[in-house]
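Undergrad: In this text, residue positions in the sequence shown follow my numbering: the first is 101, and each later residue adds one.
For every residue, glycine included, the Cβ atom is placed at its ideal position computed from N, Cα and C.
On a predicted model such as this, the values are computed, not experimentally measured, just so you know.
Got a structure for you, written out below as structure tokens; questions coming shortly.
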Amino acid sequence: MSTMMKTTSTTTRTAALRFWQRFGGGAPTTSRTMATASAGKEELVKTTLYELHKEMGGDMVPFAGYELPVLYKGENGGVMKEHLWCREDGKAALFDVSHMGQIRWHGKDRTQFLEKIVVGDIAGLAPGQGCLSLVTNEKGGIIDDTVITNAGDYIYMVVNGATKFGDMEHFKEQMAAFDGEVCMDYLEDSMQLLALQGPGAAKAVAKLLPSTVDLVKMPFMTGQDTTLDGIEGCRVTRCGYTGEDGFEIAMPAEHAVSIASKLLEDPTVNPTGLGARDSLRLEAGLCLYGNDLNEDINPIQGVLGWTMGPPKSRRRLEGGFLGAEHILTPEGKFQKVEKKRVGIMGMKAPAREHTEIYNADGTELIGEVTSGTFSPCLKAPIAMGYVTTPNAKAETEVQLKIRNKMQKAKVTKMPFVPSRYYRVPE
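Shown next, in the form of structure tokens:
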């Protein structure tokens, strides 16, 4: 058994933070999400792109132990403009997501091990294929959400920045009890990560890829090792967290500035900060760990049961991952839960995290909001939260207590804005 881990302007800022805070940006600091090696006590980490962010007018804020741009100043800057740019046909938004944890799993039993710590069908991933999965604890609660790709000679995993150190402590504990050969290679900050998102993302990144890479035939949730602008050691995965087509692009830290600069030479590509990243993911109905998911929420409550596969699929029938007995019946069906994650619309004012949700006549507390924002595309407030299961059906009327005033709203299906993930033409 191997448990080796490789360790290789004030006014504008205030306005940005107020917008972000008011409209629900950022995971809260909890004992686990900031188990990032005592990040709260240590100096904030700067990504390789820090100076480039400053040059472009990035308004830098603390996030997950790093210093990252919440928005950029300039003609196309600001949360609203950056958000709408990402949704506009022919354009793409460029995010620095180097705070996220990149891990390579090696060893002949790596797949078997991963299927003990995540809920997805990792053995069923073809070479190059990826999936969104969930890391669970012994009670079935969600420790983190992660994208996992079968890279052939290894398995590539990306975990959230605010949870990565806590995740790896959990992985090491599980490795110590695992009777097999597996090695966790944490890439630290030696590899940086960019996300290029939007309808124009494929056209923009294609300019840096070898002519042998055919993006037309590259499905969403697939990835490959490649060169970028002639630079070796890069990886491109067609995925993202905005509801649009897009790519996560990993590259050696020493080449991150040159690759980012090359992408930004394209007039269709706009640098984009954390504020728009949060509003984009919420419009897409996607969860932010620490807000919408935590260790006390299981996949059924989070309406993420699909990550285990369809009814009668192998993972649903076999289980075998931590906490499966608290999530699935012996027949592979979802166990009943007392609350579920829902979308909410119809209120006149944005509802922030922890806003109380009541039944239609306002007499019974039935849940609370976990994320809320003003949708730049819909030009209306939207929110995500948890309500008791009998009230989780779409079109159920509810009331929200916003600033001590009750406001009428309705439970709604998500995403709020239709997703446009890429599909290979038939």
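Could you name each continuous alpha helix (DSSP H) segment of 4 residues or more that falls completely within the segment 326 to 377, going from the start of the chain to the end?
TA: 356 to 364
Undergrad: Given Glu526, which residues of its chain have a CB within under 6 Å of its CB, disregarding the five upstream and five downstream residues?
TA: none
Undergrad: What residue does the beta strand (DSSP E) around Gly158 start on, and which one ends it?
TA: Gly158 to Phe163
Undergrad: Taking the alpha helix (DSSP H) that Tyr150 falls in, what are its first and last residues?
TA: It spans Tyr150 to Glu155 - the alpha helix (DSSP H) in which Tyr150 sits, taken as one unbroken run.
Undergrad: How should Lys448 be labelled, buried or exposed, when 16 other C-beta atoms within 10 angstroms of its C-beta is the threshold for buried?
TA: Exposed, by the Cβ-count rule.
Undergrad: Below 8 Å, how does it come out for the segment 245 to 252 and the segment 182 to 199: are there three or more Cβ pairs, yes or no?
TA: no
Undergrad: Could you check what DSSP says for Cys283 in three-state terms: helix, strand or coil?
TA: strand
Undergrad: For Gln297, count neighbouring Cβ atoms within 10 angstroms of its own Cβ and tell me buried if that reaches 16, exposed if not.
TA: buried
Undergrad: Roughly how many angstroms lie between the CA atoms of Gln212 and Ala223, to the nearest whole one?
TA: In this structure, the CA atom of Gln212 is about 8 Å from the CA atom of Ala223.
Undergrad: Report yes if the C-beta distance between Leu428 and Gly419 is below 8 Å; otherwise report no.
TA: yes
Undergrad: Keeping to the same chain, check which residues put their C-beta closer than 6 Å to that of Pro319; ignore five residues upstream and five downstream.
TA: Beyond the five residues adjoining it in sequence on each side, Pro319 comes within less than 6 Å, by CB distance, of Val524 in the same chain, given in chain order.
Undergrad: Quick one: residues in its chain with C-beta nearer than 6 Å to the C-beta of Ala376, no 5 flanking neighbours on either side, listed in chain order?
TA: Val179, Glu182 and His183
Undergrad: Is it the case that the Cβ atoms of Ala304 and Ala193 are separated by a distance below 8 Å?
TA: no
Undergrad: CA-CA distance, Met445 and Leu328?
TA: 42 Å
Undergrad: Evaluate Glu344 with the Cβ neighbour count: other Cβ atoms within 10 Å of its Cβ, from every protein chain shown; 16 or more gives buried, anything less gives exposed.
TA: buried
Undergrad: With distances taken from CA atoms, which of Thr147, Glu464, Val219 and Tyr256 is nearest Gly230?
TA: Tyr256
Undergrad: Count the other CB atoms, across all protein chains shown, that sit within 10 Å of the CB of Trp205; report buried if there are 16 or more and exposed otherwise.
TA: Counting Cβ neighbours within 10 Å, Trp205 comes out buried, since at least 16 surround it.
Undergrad: Got a sec, what are the start and stop residues for the beta strand (DSSP E) Leu500 sits in?
TA: For Leu500, the enclosing beta strand (DSSP E) stretches over residues Glu497 to Ile502.
Undergrad: Quick check on the DSSP output: the beta strand (DSSP E) that includes Met257 runs from which residue to which?
TA: Its beta strand (DSSP E) spans residues Ile255 to Val259.
Undergrad: Between Leu478, Pro481, Arg415 and Gly402, which has its C-alpha nearest Thr488's C-alpha?
TA: Gly402
Undergrad: So which of Leu364, Val316 and Leu144 has the shortest CA-CA distance to His199?
TA: Leu144
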